[in-house]
Amino acid sequence: MSKVLLWIAVVMGAIYIVRVNYFGSKTYEPFMNGCLVSGASEARCSCLTDYVHERFDDLEVGRILRSDRSDAGFSERVDRVIAAGTLACKSADQ
């Protein structure tokens with residue numbers, strides 16, 4: 007039984023690695039472009055885009071791009087992450 011569970015874990019790990027490396031985010035480029043349109047530098051936008059995509063999945067980033075903030079908890083989380091990401095990425099311009 008433990009060999010079966012180990013085998014399942016290995017297969018799931020391989021699927022995860024392939025998914026992360028070869029099937030990129032569908033929201034990465036639109037988020038980056040929206041940031042660039044705001045007038046921020048490419049370095050800062052790249053940093054912020056990475057920061058946001060580390061903390062939200064594609065569906066959540068899609069909601070952010072559509073300005074779908076109907077859930078108060080989600081809206082507050084978005085505000086916190088964007089503010090923290092903006093502060094964390096200040097050094098990207100320097």
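Residue numbering for the sequence shown is 7 to 100, as defined by our numbering. Don't be surprised by glycine CBs; every beta carbon is placed ideally from N, CA and C.
Buried is the label assigned to Val58, since at least 16 other Cβ atoms lie within 10 Å of its Cβ. Ile21 is classed as exposed because its beta carbon has fewer than 16 other beta carbons within 10 Å across all chains shown. Contact between Val84 and Arg75 holds: their C-beta atoms lie close to 6 Å from each other, under 8 Å. A distance below 7 Å separates the beta carbons of Cys51 and Leu42. Around the beta carbon of Leu93, a 10 Å sphere encloses fewer than 16 other beta carbons of the protein chains shown; the residue is thus reported as exposed. Assigned with DSSP and collapsed to three states, Met38 falls in helix. If you draw a straight line from the Cα of Cys95 to the Cα of Arg61, it comes to about 15 Å. In the three-state reduction of the DSSP assignment, Thr33 falls in the coil class, being assigned neither a helical nor a strand state. Taking C-beta atoms as the reference points, Cys53 and Ala90 fail to come closer than 7 Å.
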